[in-house]
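Here the structure comes first, spelled out in structure tokens, and everything after it is commentary.
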Amino acid sequence: MKIRLGALLLSAAICGVPAGASTGEAATAAPERPARIATVDLAQLPEISNAAMSPDGARLAFLARIKGREVIVYRGLHEQAGQPINLPEKVDFNWLRWAGPNKLLFSIGRNIPYFGEEARQTVLAMRDLATGETSIIGRDGQGLEGDDVLFVDPEGQYLLLSIQRTIYDYPSVFRVALPDGKMSEIVRARAPVWEWYADDAGIVRAGVGWDNRKLKFFYRRTQAEKFEQIGAIKPGDDEAFFDIANVVAGSDEGYVLSDQKTGRQALHKFNYRTREIGDLVYGHDVYDVDDYWLNVDGTALEGVSYTDDRSRIEWFDAGSKKLQGQLDRAIPNRQAWVVSKSRDAKRLLVLATAPDEPGLYYLLDRTKGEMSPIAAMMRGLPPEMLAETKPVTYTARDGTKIPAYLTLPKGRGARGLPLIVYPHGGPYGVRDRLDYDPHVQFFANRGYAVLQPNYRGSGGYGTAFGEAGVGQIGKKMQDDLDDGMDWLVKEGTVDKARVCMIGASYGGYAALWAVARNPDRYRCAASFAGVADWKAMLKYDARYLTKEANASWQARVTGAGELDLAAVSPTHQAGRIARPVLIAHGEDDSNVPISQSKKLVAALKAAGNSNFEYVAYPDEGHGFSDPANQKDWFDRLDAFLAKHNPAE
């Protein structure tokens, strides 16, 4: 179905509202308890994601799944069948992007032996669509980071890649000719630079790195100039660390994200030679600015993004601002934004999502003024079967306001419900928002209220909120989760005797720690890929972080050494875990190694605790890539909750 922008009746029909009925009529209809959604449907992984349009607007590329395996697919814009690029086994997909109209770049990650241990390595690859050949871009013996692309020529003739010559070197910058992959070093490695930055014309302009606890900043204006050190910042200096992004060609002026003046990441003008932060360009009163971007030619600021409960864009370009308004009206009750476009901006790829809409891609043809749905991320989950998620805020015991999301099961009264506390991973710098989450819908469909707290330390809420989580793992960060439960109990929404905590990664840790720390509160816990031993986890992280980055990360976790890691680690406190626990892990996880769960299981056995279940998933990493395994996890959760915290 094609939609003319502004034709609300047609767009409403696409979004699940019957033609002829207003959204108000749909909202006031008496809710019915939905049918039980099969785990095979909930476990389906996105059939299409990470979609990107080629610069000429003729092709699409995206991540897809064929017979349960992840593949990259590219096809003509109006074609149904595409050409697959098979990914090797035991790798994680990272990203894809176009290099001109006929070359596709993509990054994958894999575990490799590293000084007798195991570490994660990223690899850059390219598919030449003209020849159908796929090649690896890099050097023999290079370091762990192989996908740090600084610039891609708009015509796809070359790119700039920052990599280490060997694992013992600092990174150099190479000019890589496409498609033959010939590499020439254009910026030599120099201590202590670990990160290089290029401008929109492909000139490497800046480099930064830590040395003797100082962040040193190197800069040049043109390719003919030599790099000069123009600054060294000590931790604790009045000058806050800033995030370098776009450097404008032919000028020392540009933009920078900094929290120095507002206490939140905000966009300022910036002079790269003097490192002076100038006038505020855009800042939000509550939330951090996530990103900003220039127009195609790199000559003007086009927009900035931030997240309140969903992603928002503040457009500086009048045409883009008008288009966003048209999208919001054409696709109501959904978050809709342009995720990719042709270089001439005549064809755009639009993604619309919501907590009860996994995602629908539209093709917008601006020449015709028409927009057509071209692909659903997931099929088989009608919106009317899915529960609504709403933003809420509660107050923690020390007065901190905690933003969160609450999902109530459809067709049940909002009184005395069983509760799943479902904290996000991370923990630092990331957050939950109003997105579709199959776990949330699974729990709600089974009759549970679901609370997703953005506990202190979560990203996007300003520097003070983020710093409030330093050294608070297992302590105040855990208090925030408990206090969310107490708030819902006080409101009468949930039954305090029927609460479990479930999560993955850091959320898995929080669930394990919940039943060790407060067994009187929680009836059970389930962890997928959860951290169980913080000392061992920090040692593992140190293998692929620079010395300075590792010191910064350890200081954030431990509060500069003040946190007793063993005292907040489930493995070391296994004797305190008396509630039922479900533990799962992917055998190929390179983010949180499976040894974390294996050692926890051993500790539980040593403590004489047999009240747990453990499952390891072969060929899975830090999430599920095989829907069969995701289904198995949902089935195990289904049985586990029915036994230990039944909703009926």
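Whatever position you read off the sequence shown (first residue = 1), add 762 for this note's numbering.
We treat Cβ as the ideally placed atom computed from N, Cα and C, and that holds for glycine.
Work out the CA separation of residue j and residue i for me, nearest whole Å.
i	j	result
Gly1233	Ala1329	13 Å
Ile1343	Ile870	First, the amino acid is wrong: residue 1343 is Val here, not Ile. Near 33 Å, if we compare the C-alpha coordinates of Ile870 and Val1343.
Ala1002	Asp1050	A caution first: Ala1002 carries a pLDDT of 45, below 50, which makes its placement in the model too unreliable to give a value.
Arg821	Met1133	17 Å
Gln926	Leu1126	42 Å
Gln1027	Gly1370	49 Å
Ala789	Val914	With a pLDDT of 38 at Ala789, under the threshold of 50, the modelled position of this residue cannot be trusted; read the value that follows with caution. The alpha-carbon atoms of Ala789 and Val914 are separated by roughly 48 Å.
Ala707	Phe1290	Missing from the structure shown is residue 707; the chain here goes from 763 to 1410 and no further.
Glu809	Thr801	16 Å
Glu1146	Tyr1167	20 Å
Phe1374	Val1183	19 Å
Ser1067	Glu895	37 Å
Thr1069	Arg1285	34 Å
Thr884	Gly1383	15 Å
Ala881	Tyr1017	35 Å
Gln1335	Asp1160	26 Å
Gln845	Ala986	43 Å
Glu1349	Lys1084	49 Å
Gly971	Lys1309	11 Å
Asp1245	Thr1157	8 Å
Lys1360	Asp1071	37 Å
Leu1399	Ser1314	36 Å
Arg1137	Tyr1124	Looking at the sequence itself, residue 1137 is Ala, so the reference to Arg does not match. Computed Cα separation, rounded: 7 Å.
Val1256	Ser1267	26 Å
Ala1340	Gly1187	24 Å
Thr1333	Ala1294	5 Å
Ala1011	Ser946	22 Å
How would you write the range of the beta strand (DSSP E) that residue i sits in, first residue to last?
i	result
His1347	1343-1348
Leu1368	Correcting the residue type first, residue 1368 is Ala in the shown sequence and not Leu. Ala1368 -> not in any beta strand (DSSP E); alpha helix (DSSP H) instead, spanning 1357-1368.
Asp910	910-914
Pro933	933-939
Gly1228	Premise fails: Gly1228 lies in the alpha helix (DSSP H), 1225-1229, not in any beta strand (DSSP E).
Gly1016	1015-1020
Asp1053	1051-1056
Gln1214	1211-1215
When DSSP labels each residue in this structure, what does residue i get in the three-state scheme?
i	result
Phe927	A small fix is needed here, since residue 927 is Arg in this sequence, not Phe. Note: Arg927 maps to coil in three-state DSSP.
Ala1406	The amino acid occupying residue 1406 in the given sequence is His; Ala does not appear at that position. DSSP places His1406 in helix when its eight states are reduced to three.
Asn1033	strand
Gln1240	helix
Trp956	coil
Tyr1268	helix
Ser737	Since the displayed the chain opens at 763 and closes at 1410, residue 737 lies outside it and no answer follows.
Ala994	strand
Asp1245	helix
Asp1394	helix
Asp902	coil
Pro808	coil
Gly1191	coil
For residue i, which option in the options has the closest C-alpha, if you only look at C-alpha atoms?
i	options	result
Tyr981	Asn974, Arg975, Glu1015	Glu1015
Phe877	Thr893, Asp902, Gly1060, Ile929	Ile929
Thr1061	Ile1039, Ser1102, Lys1108, Ser1013	Ser1013
Ile799	Ser897, Arg1208, Tyr1190	Arg1208
Ala892	Pro941, Lys1237, Gly1191, Phe1396	Pro941
Leu804	Ala1206, Leu1085, Gly1231, Tyr1156	Ala1206
Arg1096	Pro817, Asp1059, Thr1151	Thr1151
Gly903	Leu912, Ile874, Glu917	Ile874
Ala1365	Phe1386, Gly1337, Ala1378	Gly1337
His1201	Ser1020, Gln1392, Lys1031	Gln1392
Glu990	Tyr1124, Val1009, Ala1378, Arg952	Arg952
Phe1402	Trp1275, Leu1089, Met1263	Met1263
Glu841	Ala823, Pro1153, Thr984	Ala823
Ile898	Met1139, Pro850, Gln1358, Ile1075	Pro850
Which two residues bound the contiguous alpha helix (DSSP H) that contains residue i?
i	result
Arg1091	1080-1092
Gln1316	1309-1320
Tyr1302	1296-1303
Gln1203	1200-1207
Thr801	801-804
Could you check whether the segment 1117-1125 touches the segment 1207-1221, counting it as contact only if at least three pairs of C-beta atoms, one from each stretch, sit closer than 8 Å?
Short answer: they don't touch.
Segment contact, 8 Å Cβ cut-off, at least three pairs: the segment 932-942 with the segment 950-960:
Yes: at least three Cβ pairs fall under 8 Å.
Per the contact definition of three or more C-beta pairs closer than 8 Å, is the segment 1220-1238 in contact with the segment 825-837?
no
How about the segment 810-826 and the segment 1097-1106: do they share at least three Cβ pairs that are nearer than 8 Å?
yes
Just checking, does the segment 1188-1198 make contact with the segment 987-995 on the three C-beta pairs under 8 Å criterion?
Segment contact: the segment 1188-1198 against the segment 987-995, fewer than three CB-CB distances shorter than 8 Å; contact not assigned.
Tell me, please, whether the segment 1308-1321 touches the segment 1377-1395 by the rule of three or more beta-carbon pairs shorter than 8 Å.
Verdict: no, contact absent.
Is the segment 1278-1290 in contact with the segment 1301-1313, if contact means three or more CB pairs nearer than 8 Å?
The segment 1278-1290 is not in contact with the segment 1301-1313.
So, do the segment 905-925 and the segment 964-980 have three or more beta carbon pairs nearer to each other than 8 Å?
A contact exists between the segment 905-925 and the segment 964-980.
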